[in-house]
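Asks:
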Amino acid sequence: MEFKDYYKILGVTETADASAIKTSYRKLARKYHPDVSKEENAEHKFKELGEAYEVLKDETKRSEYDQLRKLGAQQADGGFRPPPGWKSAADFSDAGNTGPNSEHFSDFFESIFGNAGGNRRQSNERFRVRGEDLHYKMALLLEEAQRGGQQQITLRVPQSDTSGLVSHVDKTLNIKIPAGVTPGQRIRLAGQGAPGIGGAEAGDLFLEIEFAPHPHFTVDGKNIVLTLPISPWEAALGATIEVPTLSGKVNLKIPKGSNSGDKLRIKGKGLSSASPGDQLVILRVTLPKEHSEAAESLYRQLAEQESTFNPRATLGE
Amino acid sequence: MSTPTIHIADIEHTAALFSLSEICERCGVKTEIIVEMVEYGIVAPVTQSLTAESHAVHAQHSWQFNLDALIRLYRAQRLRRDLELNLPGLALSLELMDQVDTLKQQITTLRHELSKHRDE
């Protein structure tokens, strides 16, 4: 396994005193807390921070760690193995590892400090604890959210054996999503969380729905928004245009004299629910990059014909 | 390995309600903490009949929380524990984080709109 540089993780020097370590930990903990940080590896970083702080805040653990660091307990392959006969003082005490998430500490940590106290739950058989609730963010395509459908997810579920030792197993679930879920919506799957201890009830699984970005549509509450490019003549003369919606194409009537930015509403073509949303269509008048000579001459004619029109009247000219 | 069974994510479960003691058990906190969190407006129990009585202390045992409130309490509890926040600080943090989320969402939508109005 890899040797973890706890000083580097906490961004402090080897000579840093306890208060510098605490300050740095607090600062980084705020930065990488998974509930605050949007960085992809925030959860991993936060766990690493907790582990590094657990060691460096404790004088005994820190000096044991420093010892190993100086010994250079690195193998030829660059990996780490504690020296033969290594035993940490923390391994003897029940309350050895006290961090809030000590059950998530790495193999590296456990190889040095053992897993007493942290990783072991009460092994008393009459001890009953409800299983942990689990959380899972589920990203759906808009179409999937609209139609509903089946998705397979894999969860890491904590499980404790008869002695109370906690390990993680992968659990695969096939989940049928009802039609018409909305972003941010939470769904409970009762009893699909971690198993209970001592015959207690299992926890629940909470799914949070997220929408993957769509190439054409955006979501505004229950409404679907589409920007629709139209030609200047379609805008001027009006037209009936085929428009994509989440449930197939529909014909949309563009009124005569439409402008860029005008909004049209297709009723009931938003996200479906008890009261479905609408699809909002924002018009965008689009010109070809180049015109033919004939077209240019038609535009010149148009310019003469409409010479009284001042599109900048609102600018006070 | 056997074929995994299909679990139906029943939308009705969204309407699940949790009592004060259930919330405490799940989040692993004492009742007083949840009561204080409610007093700070971090979460609110679902409003039943709005009688003066339901605001009285003895009505706490009839409090019911919805799924959103439970998940907010989980988040609040993690922040309180990991960052050693006090309750006013926690309430402020959660409010600001909500605002950031809303703003980020608006930015995403506006960016998307804007990209369509630029030269393709």
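Top line first, the protein sequences correspond to chains S and A.
Numbering of the first sequence is given in this note's numbering, commencing with residue 1 and proceeding in unit increments.
Numbering of the second sequence is given in this note's numbering, commencing with residue 1001 and proceeding in unit increments.
Ideal placement from N, C-alpha and C gives every residue a C-beta, glycine not left out.
Taking Ile1071 of chain A as the query, report the chain S residues whose CB atoms sit under 7 Å from its CB, ordered along the chain.
Replies: Arg186, Phe206
Asks: Near Thr308 of chain S, which residues of its chain fall below 7 Å by C-beta distance, leaving aside the five closest residues on each side in sequence?
Replies: none
Asks: Using a C-beta cutoff of 8 Å, does Arg1075 of chain A count as contacting chain S?
Replies: yes
Asks: Which first and last residues belong to the beta strand (DSSP E) in which Val1125 of chain A is found?
Replies: In the structure as shown, chain A starts at 1001 and stops at 1120, and residue 1125 of chain A therefore has no counterpart that could be examined.
Asks: Going by the beta-carbon positions, is the gap between Ala236 of chain S and Gly257 of chain S smaller than 8 Å?
Replies: yes
Asks: Would you say Thr351 of chain S lies against chain A (beta-carbon separation less than 8 Å)?
Replies: Examination of residue 351 of chain S is not possible in this model, given that chain S is present from 1 through 317 alone.
Asks: With a threshold of 7 Å, establish whether the CB of Arg1026 of chain A neighbours any heavy atom of the ligand ATP.
Replies: The model depicted lacks the ligand ATP and carries no ligand whatsoever.
Asks: Residues bridged to Glu208 of chain S by DSSP?
Replies: S:Lys137, S:Arg186
Asks: Output yes if chain S places a C-beta closer than 8 Å to the C-beta of Thr1047 of chain A; else output no.
Replies: no
Asks: Flag this pair as touching only if the region 174-190 of chain S and the region 145-165 of chain S have three or more C-beta atom pairs under 8 Å; answer yes or no.
Replies: yes
Asks: Give, in chain order, every residue of the region 1105-1118 of chain A whose Cβ lies closer than 7 Å to some Cβ of chain S.
Replies: Thr1109, His1112, Glu1113, Lys1116, His1117
Asks: Determine the extent of the beta strand (DSSP E) in which Leu1017 of chain A is found, giving its start and end residues.
Replies: According to the DSSP assignment, Leu1017 of chain A belongs to the beta strand (DSSP E) that extends over 1017-1019.
Asks: Let me check one thing: in DSSP terms, what residues is Gln1064 of chain A bridge-paired to?
Replies: Beta-bridge pairing links Gln1064 of chain A to A:Ser1019.
Asks: Please go through the same chain and pick out, in chain order, the residues whose beta-carbon is closer than 8 Å to the beta-carbon of Leu1114 of chain A, but skip the five residues on each side of it.
Replies: none
Asks: Taking C-beta to C-beta, are Pro232 of chain S and Val285 of chain S nearer than 8 Å?
Replies: yes
Asks: Just to confirm my understanding: we take Glu43 of chain S, look at its own chain, exclude 5 residues before and 5 after, and list those with CB closer than 6 Å. What are they?
Replies: Pro34
Asks: Looking at chain S, is there any beta carbon in it that lies within less than 8 Å of the beta carbon of Ala1044 of chain A?
Replies: no
Asks: Determine whether the Cβ of His33 of chain S lies closer than 8 Å to any Cβ atom of chain A.
Replies: Chain A, which has a Cβ nearer than 8 Å to the Cβ of His33 of chain S, makes this yes.
Asks: Thinking just about the alpha-carbon of each residue, which of A:Glu1095, A:Glu1022, A:Thr1108 is nearest to the one in Val1124 of chain A?
Replies: Outside the displayed range of chain A (1001 to 1120) lies residue 1124 of chain A, so it cannot be described from this structure.
Asks: In the region 128-142 of chain S, which residues sit with their C-beta less than 7 Å from some C-beta in chain A, listed in chain order?
Replies: Arg130, Asp133
Asks: Which value, in whole angstroms, describes the spacing of the CA atoms of Lys38 of chain S and Gln159 of chain S?
Replies: 29 Å
Asks: Write down every uninterrupted run of the alpha helix (DSSP H) in the region 231-289 of chain S whose length is 4 residues or greater and which is fully enclosed by it, in chain order.
Replies: 232-237
Asks: Cβ of Ala1016 of chain A less than 8 Å from any chain S Cβ?
Replies: Interface residue (Cβ-Cβ distance to chain S less than 8 Å): Ala1016 of chain A is classified as such.
Asks: Ile1107 of chain A bridges to which residues according to DSSP?
Replies: Beta-bridge pairing links Ile1107 of chain A to no other residue.
Asks: Mapping the DSSP letters down to three states, classify Gln122 of chain S as helix, strand or coil.
Replies: Because Gln122 of chain S carries a pLDDT of 47, less than 50, the predicted location of this residue cannot be relied on, and the following value inherits that uncertainty. Coil.
Asks: Cβ of Ala29 of chain S less than 8 Å from any chain A Cβ?
Replies: yes
Asks: Which class does Gln1077 of chain A belong to by DSSP, given the choice of helix, strand or coil?
Replies: helix
Asks: Counting Cβ pairs closer than 8 Å, one from the region 212-232 of chain S and one from the region 1029-1038 of chain A, do we hit at least three?
Replies: no
Asks: Whole angstroms are fine: how far does the CA of Val250 of chain S sit from the CA of Glu1025 of chain A?
Replies: 51 Å
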